[in-house]
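Student: This is the structure I have questions about; it appears just below.
Protein chains: 2
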Amino acid sequence: MNRIIAIALLAAFAATTPVLAQDNEKPDYPSPNAIVDTAPASEWLTIAPSDLLVMDLAPDAQGDARRVVIQLMPEPFSQGWIRNIRKLAAAHWWDGTSINRVQDNYVVQWGDAGYDNPESGETEQKALLEGLETVPESGYETEATAGKQGNIVLWHPKNQLTDSYSDWTWFESGWPLAQEIGDDTRTLSRWPVHCYGAVGVGRNYSPDTGSGAELYTVIGHAPRHLDRNIAVVGRVIEGIEHLSSLPRGKGQLGFYEDASKRVPITSIRLGNALAEDPSPAFEYLDTESEVFAQYADARANRRDPFFIKPAGGADICNIPVPVRRVTEE
Amino acid sequence: MNRIIAIALLAAFAATTPVLAQDNEKPDYPSPNAIVDTAPASEWLTIAPSDLLVMDLAPDAQGDARRVVIQLMPEPFSQGWIRNIRKLAAAHWWDGTSINRVQDNYVVQWGDAGYDNPESGETEQKALLEGLETVPESGYETEATAGKQGNIVLWHPKNQLTDSYSDWTWFESGWPLAQEIGDDTRTLSRWPVHCYGAVGVGRNYSPDTGSGAELYTVIGHAPRHLDRNIAVVGRVIEGIEHLSSLPRGKGQLGFYEDASKRVPITSIRLGNALAEDPSPAFEYLDTESEVFAQYADARANRRDPFFIKPAGGADICNIPVPVRRVTEE
């Protein structure tokens, strides 16, 4: 599909109204974060605790707790793998496994590192749960009929959201997605994209697609070449610094050569199955809201005081969807 | 400038010839790294030691040395700041300063953290060197006459290198650059881009452009909105893991609130001014070479065995220029 046409499909919206600053004559524009702060409560949508995957690591060297919270993708994306992940969490399957790979500017990966059996000389893997689904490769993309797409972010025509990896990118239900129109010009395919913090399913060579027992998150520049080659099942919404700041592995692909460097995983649970009460609560800014459109525009055209030249565009991964923890009153 | 025209300007080149694998019937394509390994010695170009900035940090908790090597940008980019940086290194100005800011998915920043004078109650900054240049904001971009551009990577028409932040992006003399044609349709402006590992010059509000004494490197998704708003002066070519894996700062913008978390900088020197002999030696893959074109094509269209769906494109920051250390015979 012609990229220019794809951009023209997106409707214009009024830019954020400038406010005159007190101390100079230049119009003062709020920063993207300041715009988010103006969102009314009604534009923040609740993330169900049952859609959270909460990973507790062993405490760090200072004895401080390390918790990573992942939001699982909603339907219709990657649901086969996500059903497996829910089962693995319910069975406490990950407890006692570890973070095994930290590759700079790429991914942190966790799961069963295997056990080197001294008698057999073989590395033995932990048995998987019975009854997990084998998801076909077609699950990496979701078909839709052109014209039946959901709401999209209204986008200023000058704010280019061009993409090197798809016909176009957009936000829907709080998630960054990419789309492509098939050669038949009728079939529309969409898929979740690998941005910073995206969580995906490790796998072996095709046709294996992974079970969901082996997971990774992106800790560098968006590796979009993985889109449609690996399942994206969620994103880290809190605590990614406990993964991104880990020492890089010195083995091939960033695996820890020295098993003592692996970080033990104490437990992985769904957010509604934690011992604590109440469950952790998060919400995201409605990506179909006016405030999100203003925020995205401001990310693409920084006019707040530090900036002198607005970019005039942004790539999908440079517009992170605002997510916040709901604190108790 | 129309993006489609920009893409059409780029000439086609023959795709990498597939090689039949031994163990199956499918054509086997080499990985991007395997392609780089085929480059003859003549396609690797030397980086002069005088264009390296070598930062030694205090040893880590295990007593291991931490060295970060930065390649400074060549002319005509950012040379005013780079002259300042050379003077600061020659004067040993950074010795005893520190890493002060680590913001997840953004930057690591270093320089003088200031000294909290208990008598005055003020934070005092280390005096800058005399004779440093004040570089104007026009230095963020370099003008060139359209049509007089240098060599560009030959690019398969299907390998889209579209960009949300410029008219088009390309590689020249080993560096990722962006370009824009002015409203007069004659003036061509180009600038270095903020990819992972890019090193830039911290500054205060406009019209300040920074001296070069305060530097940062990118440790997350390319913050391209900083392009043309801050000077890019180089890139980390070795040891970025000593910065990217540091604990994130808990203060505003990722600054360390607790001064004891700052990482001391033992010394910063140009590569030809180190105590050791010989100087560290690096080289980069000639971005005008046939092998680089094949490598870039393979990055945009992964066909090596793990991949099932080539992306058909890549963004400029997902095609890192290969750089390697030259080891002694």
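Chains as they are written, first to last, in this note's numbering: chain G, 1 to 329; chain C, 1001 to 1329.
In this text, a Cβ means the ideal position worked out from N, Cα and C, and glycines have one as well.
As the structure is a computational prediction, the values presented were derived from the model and not from experiment.
(1) Using the three-state DSSP reduction, which class does residue 1124 (chain C) fall into: helix, strand or coil?
(2) By the 7 Å beta-carbon criterion, what residues does the region 84–107 of chain G contribute toward chain C?
(3) Can you give me, in chain order, the residues of the region 264–296 of chain G that have a beta carbon less than 9 Å from any beta carbon in chain C?
(4) Going along chain C in order, which residues have a C-beta closer than 7 Å to the C-beta of residue 171 (chain G)?
(5) Name, going along the chain, the residues of the region 221–248 of chain G whose beta-carbon falls closer than 8 Å to a beta-carbon of chain C.
(6) Alpha carbon to alpha carbon, how far is residue 1041 (chain C) from residue 1280 (chain C)?
(7) Measuring straight from C-alpha to C-alpha, what distance separates residue 1128 (chain C) and residue 171 (chain G)?
(8) In whole angstroms, what is the alpha-carbon distance linking residue 1130 (chain C) and residue 1205 (chain C)?
(9) For residue 37 (chain G), does the count of other Cβ atoms within 10 angstroms reach 16, so buried, or fall short, so exposed?
(10) Tell me which same chain residues have a C-beta within less than 7 Å of the C-beta of residue 144 (chain G), skipping the five on either side of it?
(11) Can you find the residues in the same chain that come closer than 6 Å, C-beta to C-beta, to residue 1291 (chain C), ignoring five residues on each side of it along the sequence?
(12) Rounded C-beta distance between residue 1284 (chain C) and residue 220 (chain G)? I'm assuming under 8 Å.
(13) Could you say which of G:228, G:258, G:320 and G:209 lies nearest to residue 98 (chain G) if we only look at CA atoms?
(14) As a quick exercise: from G:277, G:125, G:107 and G:299, pick the residue whose alpha carbon is nearest that of residue 115 (chain G).
(15) Looking only at its own chain, which residues have a Cβ that is under 7 Å from the Cβ of residue 1060 (chain C), when we skip the five neighbours before and after it?
(16) Taking CB distances under 7 Å as the criterion, tell me whether residue 149 (chain G) reaches chain C.
(17) So residue 137 (chain G) contacts chain C; which residues on that side make the cut at Cβ distance below 8 Å?
(18) Comparing C-alpha positions only, which one of G:203, G:48 and G:103 sits nearest to residue 137 (chain G)?
(19) Whose C-beta lies closer than 6 Å to the C-beta of residue 81 (chain G) among residues of the same chain, with five residues either side of it excluded?
(20) Quick one: using the 10 Å Cβ neighbour count with 16 as the cut-off for buried, is residue 241 (chain G) buried or exposed?
(21) Thinking just about the alpha-carbon of each residue, which of G:31, G:29, G:30 and G:48 is nearest to the one in residue 278 (chain G)?
(22) Could you tell me which of C:1244, C:1058 and C:1051 sits nearest to residue 1355 (chain C), measuring between CA atoms?
(23) Roughly how far, in whole angstroms, is the beta-carbon of residue 227 (chain G) from the beta-carbon of residue 193 (chain G), given that I think they are within contact range, below 8 Å?
(24) Take residue 246 (chain G) and list the residues in its own chain whose beta-carbon comes closer than 8 Å to its own, dropping the five residues that flank it on each side.
(25) Is it buried or exposed for residue 1062 (chain C), if we count other Cβ within 10 angstroms and need 16 for buried?
(26) Of all Cβ atoms in chain G, is any one closer than 7 Å to the Cβ of residue 1164 (chain C)?
(27) Is there a C-beta anywhere in chain C that falls below 7 Å from the one on residue 302 (chain G)?
(28) List the whole-angstrom C-beta distance separating residue 112 (chain G) from residue 254 (chain G), where the pair is believed to meet the contact cut-off of C-beta under 8 Å.
(29) Whose C-beta lies closer than 6 Å to the C-beta of residue 267 (chain G) among residues of the same chain, with five residues either side of it excluded?
(30) Indicate whether at least one CB of chain C lies closer than 7 Å to the CB of residue 10 (chain G).
(31) Against chain G, which members of the region 1182–1213 of chain C pass a CB distance test of less than 8 Å?
(32) List in chain order: all unbroken beta strand (DSSP E) runs of 3+ residues lying wholly within the region 1134–1220 of chain C.
(33) In the DSSP output, what is residue 1109 (chain C) paired with across the bridge?
(34) Assuming residue 1303 (chain C) contacts residue 1310 (chain C) (C-beta within less than 8 Å), just tell me the rounded distance between them.
(35) Would DSSP call residue 1243 (chain C) helix, strand or coil?
(36) For residue 312 (chain G) and residue 162 (chain G), which I take to be in contact (beta-carbon distance under 8 Å), what is that distance rounded to the nearest angstrom?
Tutor: On the basis of the data shown:
(1) In the structure shown, residue 1124 (chain C) sits in a strand (DSSP, three-state: E or B).
(2) Taking 7 Å as the Cβ-Cβ cut-off against chain C, the residues of the region 84–107 of chain G that qualify are 104 and 105.
(3) none
(4) Per Cβ cutoff of 7 Å: no residues; residue 171 (chain G) is ~15 Å from chain C at best.
(5) 221, 222, 223, 224, 225, 227, 228, 229, 240, 241, 244, 245, 246, 247 and 248
(6) 18 Å
(7) 47 Å
(8) 22 Å
(9) Residue 37 (chain G) sits exposed, since fewer than 16 C-beta atoms from the chains shown fall within 10 Å of its C-beta.
(10) 188 and 190
(11) 1039 and 1043
(12) About 20 Å; that fails the 8 Å criterion.
(13) Nearest C-alpha to residue 98 (chain G): G:258.
(14) G:125
(15) 1066
(16) The predicted model places residue 149 (chain G) with a pLDDT of 49, which falls under 50 and marks its position as unreliable, so this point remains unresolved.
(17) 1308
(18) Closest by C-alpha distance to residue 137 (chain G), out of G:203, G:48 and G:103, is G:203.
(19) 135, 201, 212, 231 and 233
(20) buried
(21) G:48
(22) Only positions 1001 to 1329 of chain C appear in the structure, and residue 1355 (chain C) is not among them; the question remains open.
(23) 5 Å
(24) 99, 102, 108 and 263
(25) Burial state of residue 1062 (chain C) is exposed, judged by a 10 Å Cβ sphere holding fewer than 16 other Cβ atoms.
(26) Chain G, which has a Cβ nearer than 7 Å to the Cβ of residue 1164 (chain C), makes this yes.
(27) Interface residue, yes.
(28) At roughly 17 Å, the Cβ-Cβ gap does not stay under 8 Å, so residue 112 (chain G) and residue 254 (chain G) are not in contact.
(29) Here the set comprises 56 and 95.
(30) Bear in mind that a pLDDT of 27 at residue 10 (chain G), under 50, signals an unreliable position, so the number given afterwards is only what the model happens to contain. So, not an interface residue.
(31) 1195, 1196, 1197, 1205 and 1206
(32) Listed in chain order, the complete beta strand (DSSP E) runs (minimum 3 residues) inside the region 1134–1220 of chain C are 1142–1145, 1168–1172, 1175–1181, 1187–1192, 1198–1201 and 1215–1218.
(33) C:1101 and C:1216
(34) 6 Å
(35) helix
(36) That pair is no contact at about 11 Å.
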